[in-house]
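Those letters in the sequence shown? Residues 3 to 181, by my numbering.
Virtual Cβ for every residue (Gly too), placed ideally from N, Cα, C.
Notes for the one structure printed next.
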Amino acid sequence: MSKRKVAVFIDLANINSGFEALKRSQNMPEARMDFQKMISMLTLGSEVVIKSVYTETRTNGEEQKKKQKFLDYLSMIGFNVVTKECKVIASAEGDKNKANFDVEIAVDACRCIWRRDCNEIIFISGDSDFAYLLSEAKKYDIQVTVVSTKNTVSKELREEANRIILLDDVDLKQITNLK
């Protein structure tokens, strides 16, 4: 059997949302996700051909400075960091910040599939918008793993994935800063 060649795509807003809820439910407010540890656990014995993280940025503020430091760190340890400025969407309920990465993630994943760079894709997201992409990837004999939480993984991704890893079922010490 040939070595697994894995492409990892992280929808940061989606996984952070689920992880924050998980931390609250387990009373672990100090836990911070360690993506390097998580990817090492998920890809043990495999060649990681790309690991990309997708996240929004804001023009200013202390929170953005902290986030930029984190993104610089991810870049330094080999992550492809894809960002875009938040848009403000006005609605009757009030303004909402939005930065959707579905197209960017789908294009990058398709590029890996079409070039045959990988034989497995790991999506760290629970977003149902990726169900069609997962379905198509499997037609190219690509194994698809979805990493999410029980509360944020969509029914559609559960149905399409070859393997589901729920962070609720993982010892958080394996994927966080906790010792």
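**Report entry** 8 Å Cβ cutoff met for residue 121 and residue 147
**Finding:** Position 119 of the sequence shown, counting from 1, holds the residue named residue 121. Position 145 of the sequence shown, counting from 1, holds the residue named residue 147. Judged by beta-carbon spacing, residue 147 lies beyond the 8 Å limit of residue 121, meaning their Cβ atoms are not closer than that value.
**Report entry** Rounded C-alpha distance that separates residue 77 from residue 158
**Finding:** Counted from its first residue, the sequence shown places residue 77 at position 75. Counted from its first residue, the sequence shown places residue 158 at position 156. Distance between the alpha carbons of residue 77 and residue 158: 31 Å.
Query raised in the report: In whole angstroms, what is the alpha-carbon distance linking residue 65 and residue 19?
Result: The sequence position of residue 65 within the sequence shown is 63, counting from 1. The sequence position of residue 19 within the sequence shown is 17, counting from 1. Going by the C-alpha atoms only, they are around 16 Å apart.
Requested in this report: Return the chain-ordered list of same chain residues with a C-beta closer than 7 Å to the C-beta of residue 178, the five sequence neighbours on each side being excluded.
Outcome: Within the sequence shown, the letter at position 176 stands for residue 178. So the list reads 33, 34, 35 and 36, once near-sequence residues are dropped.
Query - Helix, strand or coil at residue 180 according to DSSP, with G and I counted as helix - result: Working through the sequence shown from its first residue, we reach residue 180 at position 178. Three-state result, residue 180: coil.
**Report entry** Helix, strand or coil at residue 29 [DSSP, three-state]
**Finding:** For the purposes of this step, residue 29 is taken as the residue at position 27 of the sequence shown. Here residue 29 sits in coil by DSSP.
Requested in this report: Please determine if the region 50-58 and the region 8-19 are in contact, where contact requires at least 3 C-beta pairs separated by less than 8 Å.
Outcome: yes
Requested in this report: Evaluate residue 182 with the Cβ neighbour count: other Cβ atoms within 10 Å of its Cβ, from every protein chain shown; 16 or more gives buried, anything less gives exposed.
Outcome: Residue numbering for the chain in the displayed model covers 3 to 181; residue 182 lies beyond these limits and cannot be assessed.
Query raised in the report: What three-state label does DSSP hand residue 150 in the structure shown?
Result: Working through the sequence shown from its first residue, we reach residue 150 at position 148. Three-state DSSP puts residue 150 in a strand.
Query raised in the report: The alpha helix (DSSP H) spanning residue 109 covers which residue range?
Result: Within the sequence shown, the letter at position 107 stands for residue 109. Unbroken alpha helix (DSSP H) run through residue 109: 104-116.
Report task. For residue 185, write down the residues that DSSP places opposite it in a beta bridge. Result -> This structure cannot settle anything about residue 185, because the visible part of the chain is limited to 3 through 181.
Query raised in the report: Quick one: Cα of residue 139 to Cα of residue 81, how far?
Result: For this step, residue 139 is matched to residue 137 along the sequence shown. For this step, residue 81 is matched to residue 79 along the sequence shown. The straight-line gap from Cα to Cα measures roughly 22 Å.
Query - Helix, strand or coil at residue 75 [DSSP, three-state] - result: Taking the first residue of the sequence shown as 1, we reach residue 75 at position 73. Here residue 75 carries a helix assignment [DSSP, helix/strand/coil].
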